[in-house]
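S.K.: Encoded as structure tokens, here's the structure I'll be asking about.
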Amino acid sequence: MNLLEIKNLSKKFTAPGTGLFSRNKRVVHAVSDVSLTLAEGETLGLVGESGCGKSTLGRTLLKLYEPTSGQIIFSGQDITNLSQREMKPLRSQMQIIFQDPYSSLNPRHTVGEIVGASLRIHRKSLKSSEKSEIQQLMERVGLNPEHINRYPHEFSGGQRQRIGIARAIALRPRFIVCDEPVSALDVSIQAQVINLLDDLKRDFALSYIFIAHNLSVVQHISDRVAVMYLGKVVEVARTQDLYTSSKHPYTRALLSAIPVPDPEKERSRKQILLQGEIPSSTNPPSGCVFNTRCWKAQEKCRVSEPKLTNVGASEVACHFPEN
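Residues in the sequence shown are numbered from 125 upward in steps of one, following my numbering.
What follows is the structure, given as structure tokens:
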């Protein structure tokens, strides 16, 4: 059963014109016509280059950004046009873990106040057991429960991210957007946090959308992976199928950049180097958005936009998918 269903979702922003005295507004196509599903208990990895719209998509799903068009269906309910007041009862079921543990925590609040804020907001009253509950949450994410009166600056980066995770699971949500939760952490700490997220998913029956640049991390934690380019999803597949037999040329290029821990294999393997710059999201190319950098592009790619269609075990938006 699908917990989340996205239908033709788009998010556009307006930006000032380029000239000093320009009154014309530019339209930024951050997310364009995205359709995805997320099953109960599933982790969907979301990958792509910086600026492709991954974080914007995640925040739009939570209604932190209002969608421009399309539908967001959560647990069978269309939440696309719900007001902030109407969304409040659903907030306890939908949470986010931010990328930067340094800026996502209020430096003026203690850890106990940060983790307990959602409990007080949604329960509307303080409970005598609140302190004990916060301490249990801290212990569950691997922190000393006696440190609830400390401030964020007294913790390391990895510990701060654990505080953010404790805050996200405080209300026992069903769905969490993990917005690059380990990219700001040391490699040794990344593995610990990924294992923690895996354990929490199992223990609390969570569903994740896991946004990341590190394709090796995504491979480890995800059940399925969606690849984004310039605001569009270009390929979706089960993790094993995507990493062993990807179909979209852009996916192939991304996977070829994953470092290999064997110097001999690293020297002998062929890396696909994409030519040119990523087009501007204010003026995306016609047809296939990847046609300006694709080595397989033909005239059809420049005039006709491909739709996601089943090719083998993948859904691919490409006129000439890889074999």
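Positions of the beta carbon are idealized from the N, C-alpha and C atoms, including for glycine.
It should be emphasised that the depicted structure is a prediction, and the values quoted were computed from it without experimental measurement.
Counting only beta-carbon atoms, is R296 nearer than 7 Å to chain B?
M.R.: Among the chains of the structure shown, chain B does not appear; only one protein chain is present.
S.K.: Give the range of the beta strand (DSSP E) segment to which I221 is assigned.
M.R.: For I221, the enclosing beta strand (DSSP E) stretches over residues M218 to I221.
S.K.: My parser needs the alpha helix (DSSP H) runs of 4 or more residues fully inside the segment 383-436; what are they?
M.R.: Inside the segment 383-436, DSSP marks whole alpha helix (DSSP H) runs of 4 or more residues at positions 387-392 and 423-427, from first to last along the chain.
S.K.: Which residues mark the beginning and the end of the beta strand (DSSP E) in which G194 is found?
M.R.: Element bounds for G194: S193 to F198.
S.K.: Would you list the residues sitting across from T138 in a DSSP beta bridge?
M.R.: In the DSSP output, where bridge partners are listed per residue, T138 has V151.
S.K.: Return the chain-ordered list of same chain residues with a C-beta closer than 7 Å to the C-beta of K135, the five sequence neighbours on each side being excluded.
M.R.: A154, V155, T180, T184, Y189, P191 and T192
S.K.: Just to confirm before moving on: does the CB-CB distance between Q343 and Y367 stay below 7 Å?
M.R.: yes
S.K.: In the structure shown, what three-state DSSP assignment does V306 receive?
M.R.: coil
S.K.: Starting from T167, trace the beta strand (DSSP E) in both directions and tell me its first and last residue.
M.R.: T167 to V171
S.K.: In the DSSP assignment, the beta strand (DSSP E) including A361 goes from what residue to what residue?
M.R.: K356 to R362
S.K.: Following the continuous alpha helix (DSSP H) through M352, name the residue where it begins and the one where it ends.
M.R.: Careful: M352 lies outside any alpha helix (DSSP H), inside the beta strand (DSSP E) at R348 to Y353.
S.K.: Looking only at its chain, what residues have a beta carbon closer than 6 Å to the beta carbon of E166, apart from the 5 residues adjacent to it on each side?
M.R.: S331 and D347
S.K.: In the DSSP assignment, find the unbroken alpha helix (DSSP H) run with I345 in it and report its ends.
M.R.: L339 to I345
S.K.: Mapping DSSP to helix, strand and coil, what is Y332?
M.R.: Residue state, collapsed to three classes: strand.
S.K.: Please confirm if the segment 325-340 is in contact with the segment 159-174, defined as three or more CB-CB distances below 8 Å between the two stretches.
M.R.: The count of Cβ pairs closer than 8 Å, one atom from the segment 325-340 and one from the segment 159-174, reaches three, so the stretches are in contact.
S.K.: Suppose the cutoff is 7 Å on Cβ atoms and the five residues either side in sequence are ignored; what does the same chain contact list for H277 look like?
M.R.: P231
S.K.: Along the chain, where does the alpha helix (DSSP H) that runs through E210 open and close?
M.R.: Q208 to R215
S.K.: Does the beta-carbon of E270 have 16 or more other beta-carbons within 10 angstroms, so that it is buried, or is it exposed?
M.R.: Burial is judged here by how many other beta carbons sit within 10 angstroms of a residue's own beta carbon; E270 has fewer than 16 and is exposed.
S.K.: On the DSSP bridge list, what partners appear for V235?
M.R.: Note: V235 sits in no beta bridge, so no partner.
S.K.: Helix, strand or coil: which one does DSSP assign to A163?
M.R.: strand
S.K.: Excluding five sequence neighbours on each side, which residues of the same chain lie with their C-beta closer than 7 Å to the C-beta of R284?
M.R.: P225, Y226, L229 and P276
S.K.: Give me whichever residues DSSP pairs with N126 in a beta bridge.
M.R.: A163
S.K.: Are the beta-carbon atoms of S405 and V158 separated by less than 7 Å?
M.R.: Not in contact: S405 and V158 (Cβ atoms no closer than 7 Å).
S.K.: Give me the Cα-Cα distance between P409 and V317, rounded to the nearest whole angstrom.
M.R.: In this model, P409 and V317 are separated by some 39 Å (Cα to Cα).
S.K.: When the distance is taken between beta carbons, is I238 closer than 7 Å to I258?
M.R.: no
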